[in-house]
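Taking the UniProt record's numbering, I'd label the letters of the sequence shown as residues 1 to 316.
All remarks here apply to the structure that follows.
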Amino acid sequence: MQRLLIFHQQQGLKENLPPGFQPRQSEEFTWLDLVQPAPAELDLLTDLFHFHPLAVEDCRHPHYRPGMAQYDEYAFLTLRCVKAYQRSLTTALNVFLGPKFIVTVHQEELEFVTKLWHQYRQDPQLFQKGVDFILYSLLEPLTETFFTFFDRTEGKIEYLEEEVFRRPTRQILNQVFTLRRQAIKLRKILGAQRDIINLLAYPEFKLVKPENRVFFLDIYNEMLRLIDQVETFHDLASSTLEIYLSLTSNRLNEIMKVLTVITTIMMPLTLIAGIYGMNFRYMPELEWRYGYFTVLGVMALLAAVMLFFFRRKGWF
């Protein structure tokens, strides 16, 4: 699906491609949004906008790691945002940014992109702030998706910490491992995305107006906060994992201690039972009337003495 906005100060807003449209030579502001684009729609990027084939190919198969490529007249950005309650953690937003045009390509419906597109459709005068301001307006809610994810995950980590102390099960371990893997992935994404925002805020990057550069600096500061949060997120997941392993190890040690005590007590009792189970004919105690009860008493007394000794030593 494609959505197109073309704004001209004299002619107003258009939503269809005019004949002979040339986005690089026109004085009009253009925003083309491709949602789950078909192959024919992606061909527009090459036929109409003359974008580099490698950049168009990246739109078909987005990279997991964010990045930016600068060409003569435009820049190509691959950004990542967090999806809400879906199997895959993040999704890509590809952006072509030129002096008078911006093209956004995403394989999934993004609510914040749709909301912003309708705002510009209802108030076309927003185009006068520049297409770089559209990019900033996209980056702001995109960054907010990470804050929302961390706020939601913080409560989950606290719950897992309580469950680890209460009953450390394999399911809890799997959830902790999942959170730790997510933290590692987000750390890589945010680090690369921070570098992109830093480049956009550079005075040498001519596609961003000087008066709009301060907005990108604000996004850059938010990225620094996110990186701090993801580090905290990773540390909490790692510490929860260490607590689980420590509790499991202590629990195993307690079990082994009990089994060792039982085995140690049973060894001399097994020896006594083995001696009197040899069934030799001329063993002197075999014919004794009270021999059976005496041996049982000795075995019970020996077990009690060993238990008392282990208690005194603190071994049990």
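The beta-carbon is built from N, C-alpha and C at its ideal position, and this holds for glycine as well.
Bear in mind that the values here come from a model prediction, so they are computed numbers and not experimental data.
Taking its Cβ as the centre, do 16 or more other Cβ atoms sit within 10 Å of residue i, making it buried, or is it exposed?
{"i": "Asp132", "result": "buried"}
{"i": "Tyr159", "result": "exposed"}
{"i": "Pro37", "result": "buried"}
{"i": "Ile219", "result": "buried"}
{"i": "Ala183", "result": "buried"}
{"i": "Gly297", "result": "exposed"}
{"i": "Tyr120", "result": "buried"}
{"i": "His61", "result": "exposed"}
{"i": "Phe293", "result": "exposed"}
{"i": "Thr270", "result": "exposed"}
So, for residue i: in the same chain, excluding its five sequence neighbours on each side, which residues have a beta-carbon less than 8 Å away from its beta-carbon?
{"i": "Met283", "result": "Tyr276"}
Does the separation of the CB atoms of residue i and residue j fall below 8 Å?
{"i": "Leu241", "j": "Arg180", "result": "yes"}
{"i": "Phe51", "j": "Glu28", "result": "no"}
{"i": "Pro268", "j": "Leu302", "result": "yes"}
{"i": "Val261", "j": "Phe308", "result": "no"}
{"i": "Gln229", "j": "Phe150", "result": "yes"}
{"i": "Val295", "j": "Ala237", "result": "no"}
{"i": "His106", "j": "Val214", "result": "no"}
Whose C-beta lies closer than 7 Å to the C-beta of residue i among residues of the same chain, with five residues either side of it excluded?
{"i": "Leu135", "result": "Val95, Leu97, Ile102"}
{"i": "Lys185", "result": "Leu89"}
{"i": "Asp58", "result": "Thr78, Asn94"}
Residues in the same chain with beta-carbon distance under 6 Å from residue i, minus the five sequence neighbours each way, listed in chain order, please.
{"i": "Asp33", "result": "Arg3, Thr104, Trp117"}
{"i": "Glu163", "result": "Ile172"}
{"i": "Leu45", "result": "Phe51, Val56"}
{"i": "Lys14", "result": "Ile6"}
{"i": "Ala192", "result": "Arg65, Pro66"}
Of the choices the options, whose alpha-carbon is the least far from that of residue i?
{"i": "Glu41", "options": "Asp72, Leu13, Met1", "result": "Met1"}
{"i": "Met306", "options": "Tyr120, Ala69, Thr264, Val230", "result": "Thr264"}
{"i": "Thr169", "options": "Leu247, Thr153, Glu140, Thr232", "result": "Leu247"}
{"i": "Glu109", "options": "Phe309, Val82, Ala75, Gln125", "result": "Val82"}
{"i": "Asp235", "options": "Val113, Ala300, Glu154, Thr114", "result": "Glu154"}
{"i": "Ile197", "options": "Leu45, Asn221, Leu186", "result": "Asn221"}
{"i": "Leu200", "options": "His61, Thr30, Tyr74, Ile262", "result": "Tyr74"}
{"i": "Pro124", "options": "Gly67, Trp31, Gly274", "result": "Trp31"}
{"i": "Asp72", "options": "Leu207, Tyr64, Asp58", "result": "Leu207"}
{"i": "Arg166", "options": "Ile243, Lys257, Gly291, Thr294", "result": "Ile243"}
{"i": "Leu224", "options": "Thr78, Phe76, Thr143, Pro53", "result": "Thr143"}
{"i": "Gly274", "options": "Phe49, Met299, Leu259", "result": "Met299"}
{"i": "residue 338", "options": "Pro99, Thr178, Met68, Lys100", "result": "Residue numbering for the chain in the displayed model covers 1 to 316; residue 338 lies beyond these limits and cannot be assessed."}
{"i": "Pro99", "options": "Gln128, Pro53, His106, Ser239", "result": "Gln128"}
{"i": "Thr232", "options": "Phe147, Leu139, His63", "result": "Phe147"}
{"i": "Arg80", "options": "Met278, Arg289, Pro141, Gly130", "result": "Pro141"}
Verify the CB distance criterion: does residue i have a CB-CB separation below 8 Å to chain B?
{"i": "Asn174", "result": "In the displayed structure, chain B is absent; only one protein chain is listed."}
*asked:* Restricting to runs no shorter than 4 residues, where is the alpha helix (DSSP H) found entirely within the segment 112-194?
replied: Correct list: 131-166.
*Please specify which runs of the beta strand (DSSP E), each continuous and at least 3 residues long, are wholly inside the segment 233-304, giving them in chain order.*
Listed in chain order, there is nothing to give.
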